[in-house]
Each structure stands twice: as C-alpha cells, then as structure tokens.
Amino acid sequence: GVVDSHAGVLRFCETLRSGAPPSHAVTLFAFNDYFPAVATTDLASRVADVLCCKPSELAFYPVPKLMIRRVGDHEAYSAVRASEMGDGTFEARELEDAMDYVKLFREPASPLLVA
30 GVVDSHAGVL RFCETLRSGA PPSHAVTLFA FNDYFPAVAT TDLASRVADV LCCKPSELAF
90 YPVPKLMIRR VGDHEAYSAV RASEMGDGTF EARELEDAMD YVKLFREPAS PLLVA
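Below is the structure:
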C-alpha cells in the first residue's frame with residue numbers, strides 16, 4: 030500500500046495500535062511536502078516492524094533498520110553505528126545487497142529481529 034498524506038499516516042498508525050494487521054505486507058510512505066515526511070518517521074517508527082531508510086539521523090531511532098544507499102558520504106557513519114548497536118544493517122548499496130538483508134529479516138530467528 031501507499032500512504033501519501035498526513036491523515037493517511039495517522040490512520041495507518043491508529044490501525045496498527047488498535048491491534049489490527051496492516052492492509053499490506055509493505056507500506057510505502059511517499060509525499061510531495063516536507064512536513065508529512067518528517068512526521069511520518071516519528072509516528073510510524075512507533076508501530077513499524079522494520080524501517081527501510083537511507084543512513085541518516087534515522088540510524089538512532091530505536092527500531093530495526095534496513096539501511097539502503099546513502100545520499101551523502103557523511104551518512105556512512107550512521108549505518109556503521111546502527112550496525113554496531115545491533116538494530117540496523119550495514120549500508121546496502123545495491124539492490125542485491127538489500128534483498129539479502131530482506132531474506133535475513135524473514136528468518137524466524139534472525140539476529141536482526143531478536144530482542
């Protein structure tokens with residue numbers, strides 16, 4: 030599913046907080062405006078199983094993270110830090126690398142999801 034509005038983000042989060050399952054296995058949040066994009070991270074990280082993002086300040090959010098290709102060189106250290114903390118992957122620079130991590134996430138005893 031795709032969520033493209035702040036109201037949609039609020040509905041999505043409320044659905045999950047109520048105990049209902051998400052309507053899709055993967056939800057893409059895509060916005061034309063800055064505010065809903067930033068607010069989504071704060072709201073969705075509380076109900077997400079895994080956050081797929083570029084390495085940035087999101088490396089410090091307390092949710093398992095799949096780190097995809099960075100935008101700036103300075104972001105490389107965020108992926109390393111998340112990996113050191115045990116709640117994020119190393120940076121997946123290519124699609125094949127990201128898919129290898131997705132396969133790991135699907136494993137029942139994945140070290141990426143064990144608390």
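Here the sequence shown is numbered in the working numbering, starting from 30 and rising by one per residue. Ideal Cβ placement from N, Cα and C applies to all residues, glycine included. This structure is a prediction, so every number in the text was calculated from the model and none was measured.
Asked                                                                                                                                                          : Found
Under 8 Å: do the region 114-122 and the region 90-104 share three or more Cβ pairs, one atom per stretch?                                                     : yes
Mind checking who Ala121 pairs with in its DSSP beta bridge?                                                                                                   : Ile97
Leaving out the 5 sequence neighbours to the left and right, which residues in its chain are closer than 6 Å to Val92 when beta-carbon positions are compared? : Ser74, Ala77 and Leu80
Rounded C-beta distance between Lys94 and Ala111? I'm assuming under 8 Å.                                                                                      : 6 Å
Give a yes or no on whether the C-beta atoms belonging to Ala108 and Ala138 are separated by under 8 Å.                                                        : no
With a CB to CB cut of under 6 Å and the five nearest residues on each side skipped, what residues in its chain are close to Phe41?                            : Val32
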